[in-house]
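In my numbering, the protein residues as written are -9 to 401.
C-beta atoms are modelled at their ideal positions from N, C-alpha and C, and glycine is treated no differently.
Since we're looking at a predicted model, the values are computed, not measured.
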């Protein structure tokens, strides 16, 4: 008789295998779930950035920085908060780099990813608040998909339960990671009883956070990073009570799991930011020759050179962006004319943008979202702007908003 035969029938079974071999290459279910989550998050973010005027393809430029930085941050958080496995008695410091063996902390992933996204946003010339708000619903969606990987790994479960959705847990083989131990008959061995599927609770909660951010962002038109703060608050509330249900080993402070304290502190910080920060949502209008040559919606079709459409060239990046209000952005979409720069486009108390007109370099000393200065980007906006009737006036408008340096698409 095996442990599996002693366990009651569970409503939620668990996979007995989480790793498959494709020749010499191991294919890990957890890695596949993480990749799928990243793809979904990029898709959502791309759509939201384009709705705010950012050029197509900018999300990939951001992901090039944010994804590796997020993975590094996740690993650093895990190693720092669980050092005994690597630096304690019998620990192996080299194992700290064995990321394929598991051990990623979501807090470090968000922090590291945010740093990477900030670097990319500066290179692209996009206000970081615009990027953060665009990311807000995509991140919890990615986290929900990633939690499916924990199900494959038979990990992150809670205490014993008699609930009808109790979870079967396999006894995993330490000498063969990703595979369950098997009895003499070759059947996978189960731990006795059923367990709380906390990974599932968190996945469902994250989907609720996605809905919360989308609904409130549409109704309140959140800007300046407040949609991202809303995501952080929503996620940490769920993580707080779900973490209290978990029974896996974890470092504790005053008898409480470290992640519980982290969730509480991060929630407090996000709440303070959400309450204190105010301001309208920012929209971006691409500027420069590339954007100006795009035919506006009101132009005469007889003036369109069809030969250029038959052999389209690779889209070049606009010179930069002008940060505008929602009304100005809507007017630009209707007319294709970039609104003239005004004195309200810059705020001396927040610093001003200055550029060297001979080199096009942009020196940032203030908040791009509040100064209304030009910013660079990667890619071509969906709809271009029509040059002003007076070319010298158009150049003056751009100079008033400060010069923009060419976007670096290869970063």
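Would you call the CB atoms of residue 5 and residue 142 closer than 8 Å?
yes
Going by CA-CA distance only, name the one from 225, 218 and 180 that's closest to residue 196.
Taking the Cα of residue 196 as reference, the smallest distance to any Cα among 225, 218 and 180 is reached at 225.
Helix or strand or just coil, what does DSSP make of residue 268?
coil
Quick one: what does DSSP say residue 182 is sitting in, helix, strand or coil?
Taken through DSSP and simplified to helix, strand or coil, residue 182 comes out as coil.
Proximity winner among 166, 205 and 182, relative to residue 10 (alpha-carbon distances)
166
Kindly indicate which three-state DSSP category residue 116 falls into: helix, strand or coil?
Reduced to three states, the DSSP call for residue 116 is coil.
Indicate whether the contact test is met: 3 or more Cβ pairs, each with one atom in the region 130 to 140 and one in the region 10 to 24, closer than 8 Å.
The way I'd put it, the region 130 to 140 does touch the region 10 to 24; three or more beta-carbon pairs between them come closer than 8 Å.
Leaving aside the five residues before and after residue 161 along the sequence, list all residues of the same chain whose C-beta is less than 6 Å from its C-beta, in chain order.
171, 179 and 181
Does DSSP put residue 350 in a helix, in a strand, or in coil?
Interpretation of residue 350 is limited by its pLDDT of 39, a score under 50 that renders its predicted location unreliable; no figure is taken from the coordinates.
Let me know the beta strand (DSSP E) ranges lying completely inside the region -8 to 69, each 3 residues or longer, listed in chain order.
9 to 12 and 15 to 18
Does the distance from the CB of residue 264 to the CB of residue 216 come in under 8 Å?
yes
Whole alpha helix (DSSP H) elements within the region 208 to 244, 4-residue minimum
216 to 235, all fully within the region 208 to 244.
Assess, as a yes-or-no matter, whether the region 185 to 193 is touched by the region 25 to 41 under the definition of 3 or more beta carbon pairs within less than 8 Å.
no
Cβ-based burial, residue 241 [other Cβ within 10 Å; buried from 16]
If you draw a 10 Å sphere on the C-beta of residue 241, you find fewer than 16 other C-beta atoms in it, and that means exposed.
Skipping 5 residues on each side, what residues in its chain have a beta carbon closer than 8 Å to that of residue 230?
250, 253, 254 and 257
How should residue 201 be labelled, buried or exposed, when 16 other C-beta atoms within 10 angstroms of its C-beta is the threshold for buried?
exposed
Would a C-beta distance cut-off of 8 Å place residue 206 and residue 220 closer than the cut-off?
The Cβ-Cβ distance between residue 206 and residue 220 falls below 8 Å.
Taking the alpha-carbon positions, what's the residue 223 to residue 262 distance?
10 Å
Spatial distance of residue 271 from residue 315 (CA atoms)
Their Cα atoms are separated by approximately 7 Å.
Where the beta strand (DSSP E) through residue 312 begins and ends:
310 to 314
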